[in-house]
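I have placed the structure first, in the form of structure tokens, so that the comments after it can refer back to it.
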Amino acid sequence: MRLSAAEETLIAQLKGAGAEAAAERITAAGLPTRRVESYHYTDLKSLLRSVPPLAEAANAAEAPALRIAGAYQVTIVNGRVQAAPAAPAGVVVGKSEGDVLSARDDVLVHLNTALAPESLNLHIDGVVEQVIHIDRRSDGPAAHSASAVKIFVAESAKVTVIETYLGSNEAHIGNHATFLAVGTGANVTHITVDLSARAATHFATNQYEIGPAANLRTLAIHSGAALSRTQLFARFSGENAHADFTGLNLVDDDKHCDITLDVHHAVPNTTSQEMFKQIARGRSKAVFQGRIVVARDAQKTDAKMMMQGLMLSDQAEILSKPELEIYADDVVCGHGSTCGELNADWLFYLMSRGIPRAQAETMLVRGFLAEVLDPIEDEALNTVLNGIVDAWLLNGH
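Taken in order, the sequence shown gives residues 239 to 635; the numbers are from the working numbering.
What follows is the structure, encoded as structure tokens:
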């Protein structure tokens, strides 16, 4: 097989890190192409043209790139955990070496496991009122960095965590991983937002382990990098648990954004709802792939998946592939996928009331997105997320 320049660079970087097995996988199979089902719409072999050098250590910029009022902030720069301020009650911050993701035959998992220099560890115990903000940045000239975060939420604890991905205006490649274990009866909101530079490439893998009677809400937003893919891998390991998985691709110009979801109901009496929205304009491509797996013993599972797309130009593409894989016989599961343009009647109604067309279109788009943003209860955080959407609507970023 003929290797691309990007593949040869990745192999050299893996060998330099002593990850011979990962290097051999790419040497033998290369980066995934359309023939690999999970990458059918995101052909990394053709989309990833080059890979910059591995990132060197750097200090955090003086000011946070994104402020969330009242949040407790921890910063990771070029994969390395920066000194953190004193943590609020119920939060223990540390760092360690070693993998954060479970073994999975996926090239982004292999690369992160081999190249992440260290991981940020958070232990949450009790009700934490402050939002935890993990600020991951890529600094300096164009570089390839990997970062990792491991979060354990104790029994009956409650916390909201947001992770943001930003960087200098260079063609960085970031490959990030988060493992989040939700303890018995815990209540967790986990949000990730890609705000990388337009020249950047953003990869992220979030893995969730959901314990008994736990409640998890996730939201993944893409509004930055030219090429991005967020992978959400979730597994229910305890009964009477519920999770809401939501996501949003805001895509313009010739950007390519992919959210791939894999939810495994492994035990009985669990419920999940998946709601993902995509807005595409210019010549962009927005991708959602979602799979729900219900194990043979997972009776009384209730799982519903929906993708809704909004096309704002004729050249844009929205691709959706929802899947159900059910081995139990007493379940309630379903999925749906829709795609369309702004409703002409609603637009006419608003304009007939004297509202300019651009403002009327913005009002309809905000209404379309409300379903994924309104459930975020923290007022300051909700304001920041709506500000990101407003910035994209007004400026494209």
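Glycine residues also receive a C-beta, built at the ideal position from the N, C-alpha and C atoms.
Please report the straight-line C-alpha distance between Ile-372 and Ile-389, rounded to a whole angstrom. The residue labelled residue 372 in the question sits at position 134 within the sequence shown. The residue labelled residue 389 in the question sits at position 151 within the sequence shown. Distance between the alpha carbons of Ile-372 and Ile-389: 11 Å.
My assumption, with CB atoms under 8 Å, is that Val-397 sits in contact with Ile-362. Please give the rounded CB distance. Residue numbering aside, residue 397 sits at position 159 when the sequence shown is read from its first letter. Residue numbering aside, residue 362 sits at position 124 when the sequence shown is read from its first letter. Right, their Cβ atoms sit about 5 Å apart.
List the residues that DSSP assigns as beta-bridge partners of Ser-575. Start at 1 with the first residue of the sequence shown, and residue 575 comes out as number 337. Answer is Met-545, bridged to Ser-575.
Quick one: grab the DSSP three-state call for Val-366. Residue numbering aside, residue 366 sits at position 128 when the sequence shown is read from its first letter. Here Val-366 sits in coil by DSSP.
My parser needs the alpha helix (DSSP H) runs of 4 or more residues fully inside the region 288 to 372; what are they? 345 to 353
Which of the three DSSP states is assigned to Tyr-587 in this structure? As a working note, residue 587 is residue 349 in the sequence shown. Helix at Tyr-587.
Per DSSP, what kind of secondary structure is Ile-626 in: helix, strand or coil? Taking the sequence shown and counting its residues from 1, the one referred to as residue 626 is at position 388. It is helical.
Determine the direct distance from the alpha carbon of Tyr-446 to that of Glu-393, and round the result to whole angstroms. Start at 1 with the first residue of the sequence shown, and residue 393 comes out as number 155. Start at 1 with the first residue of the sequence shown, and residue 446 comes out as number 208. Tyr-446 has its alpha-carbon roughly 15 Å from the corresponding atom of Glu-393.
In whole angstroms, what separates the C-alpha of Ser-284 from that of Gly-592? Start at 1 with the first residue of the sequence shown, and residue 284 comes out as number 46. Start at 1 with the first residue of the sequence shown, and residue 592 comes out as number 354. C-alpha separation (whole angstroms): 48 Å.
Can you tell me the Cα-Cα spacing of Arg-436 and Ser-383, whole angstroms? For the purposes of this step, residue 436 is identified with residue 198 of the sequence shown, where counting begins at 1. For the purposes of this step, residue 383 is identified with residue 145 of the sequence shown, where counting begins at 1. Roughly 17 Å between the two C-alpha positions.
Would you mind working out which of Asp-567, Val-426, Ala-463, Glu-555 sits nearest Ala-452, comparing C-alpha positions? Taking the first residue of the sequence shown as 1, we reach residue 452 at position 214. Closest by alpha carbon: Val-426.
Compare the beta carbon distance of Val-525 and Thr-280 with 8 Å and say whether it is the shorter of the two. Taking the first residue of the sequence shown as 1, we reach residue 525 at position 287. Taking the first residue of the sequence shown as 1, we reach residue 280 at position 42. Result yes, Cβ atoms of Val-525 and Thr-280 sit closer than 8 Å.
Would you call the region 498 to 517 and the region 252 to 271 touching, i.e. three or more CB-CB distances under 8 Å? no
Test item: CB-CB of Leu-358 and Ile-314 under 8 Å: In the sequence shown, the residue the question calls residue 358 occupies position 120. In the sequence shown, the residue the question calls residue 314 occupies position 76. Yes, the Cβ-Cβ distance between Leu-358 and Ile-314 is below 8 Å.
Checking 8 Å against the spacing of the C-beta atoms, do Val-569 and Val-532 come in under that value? Counted from its first residue, the sequence shown places residue 569 at position 331. Counted from its first residue, the sequence shown places residue 532 at position 294. Yes, Cβ-Cβ distance for Val-569 and Val-532 is below 8 Å.
Quick one: what does DSSP say Val-387 is sitting in, helix, strand or coil? Start at 1 with the first residue of the sequence shown, and residue 387 comes out as number 149. Strand, per DSSP.
CB-CB under 6 Å to Ala-386, same chain, minus the five flanking residues each way: which ones, in chain order? Reading the sequence shown from its first residue, position 148 is the one you call residue 386. Closer than 6 Å at the Cβ level, and outside the excluded window around Ala-386, lie Val-338, Ala-354, Ser-357, Ala-415.
Kindly provide the ranges of any beta strand (DSSP E) runs that are 3 or more residues long and lie completely inside the region 497 to 575, ordered along the chain. 509 to 518, 523 to 532, 540 to 549, 555 to 564
Quick check: what's the CA-CA separation for Ile-400 versus Gln-597? One-based indexing of the sequence shown puts residue 400 at position 162. One-based indexing of the sequence shown puts residue 597 at position 359. Roughly 30 Å separates the two Cα atoms.
Span separating the alpha-carbon of Leu-575 from that of Asp-540: Stepping through the sequence shown from its first residue, residue 575 is reached at position 337. Stepping through the sequence shown from its first residue, residue 540 is reached at position 302. Sequence check: residue 575 is Ser here, not Leu. When rounded, the distance between both Cα atoms is 18 Å.
Taking the DSSP output, what are the residues bridged to Tyr-446? Taking the sequence shown and counting its residues from 1, the one referred to as residue 446 is at position 208. Within the DSSP bridge table, the entry for Tyr-446 names Leu-418, Ala-472 as partners.
How far does the beta strand (DSSP E) with Thr-484 in it reach, from first residue to last? Counted from its first residue, the sequence shown places residue 484 at position 246. Run containing Thr-484: 480 to 489, per the beta strand (DSSP E) assignment.
Among residues of its own chain, excluding the 5 on either side of Leu-465, which ones have a beta-carbon nearer than 6 Å to its beta-carbon? One-based indexing of the sequence shown puts residue 465 at position 227. Cβ within range, chain order: Leu-285, Thr-439, His-494.
Between which two residues does the beta strand (DSSP E) holding Thr-247 run? Position 9 of the sequence shown, counted from the first residue, corresponds to residue 247. Thr-247: not part of any beta strand (DSSP E); member of the alpha helix (DSSP H) spanning 243 to 254, first to last residue.
Are the beta-carbon atoms of Ala-309 and Val-369 separated by less than 8 Å? As a position in the sequence shown, residue 309 is number 71, starting the count at 1. As a position in the sequence shown, residue 369 is number 131, starting the count at 1. Result yes, Cβ atoms of Ala-309 and Val-369 sit closer than 8 Å.
Could you tell me the distance, in whole angstroms, from the CA atom of Gly-572 to the CA atom of Ala-518? On the sequence shown, residue 572 is found 334 positions in, with the first residue counted as 1. On the sequence shown, residue 518 is found 280 positions in, with the first residue counted as 1. Taking the straight line from one Cα to the other gives about 25 Å.
What separation, rounded to the nearest whole angstrom, lies between the Cα atoms of Gly-696 and Leu-486? Nothing can be reported for residue 696, as the shown portion of the chain is limited to 239 through 635.
Assuming Gly-660 and Val-391 are in contact, meaning their beta carbons sit under 8 Å apart, how far apart are those beta carbons, in whole angstroms? Residue 660 is absent from the model: the chain starts at 239 and stops at 635.
Is it buried or exposed for Gly-268, if we count other Cβ within 10 angstroms and need 16 for buried? Within the sequence shown, numbered from 1, the residue matching residue 268 stands at position 30. Its Cβ being crowded by 16 or more others within 10 Å, Gly-268 is buried.
DSSP state of Ala-437, grouped into three classes? Here residue 437 refers to the residue found at position 199 when the sequence shown is read from its first residue. Reduced to three states, the DSSP call for Ala-437 is coil.
Among Ile-411, Phe-483, Asp-496, whose alpha-carbon lies nearest the alpha-carbon of Glu-555? Taking the sequence shown and counting its residues from 1, one reaches residue 555 at position 317. Checking every option, the nearest Cα to that of Glu-555 belongs to Asp-496.
Alpha carbon to alpha carbon, what distance is there between Glu-477 and Ala-244? For the purposes of this step, residue 244 is taken as residue 6 along the sequence shown, with counting starting at 1. For the purposes of this step, residue 477 is taken as residue 239 along the sequence shown, with counting starting at 1. Rounded to whole angstroms, Ala-244 to Glu-477 spans 44 Å at the Cα level.
State the DSSP-derived secondary structure class of Tyr-279, mapped to helix, strand or coil. Taking the first residue of the sequence shown as position 1, residue 279 is located at position 41. If DSSP states are grouped into helix, strand and coil, Tyr-279 belongs with coil.
Indicate the three-state DSSP secondary structure (helix, strand or coil) for Ser-376 in the structure shown. Your numbering for residue 376 matches position 138 in the sequence shown. The DSSP-derived three-state label of Ser-376 is strand.
What do you get for Arg-318, buried or exposed, if any count of 16 or more other CB atoms within 10 angstroms of its CB means buried? By 1-based counting over the sequence shown, the position of residue 318 is 80. Under this definition Arg-318 is a buried residue.
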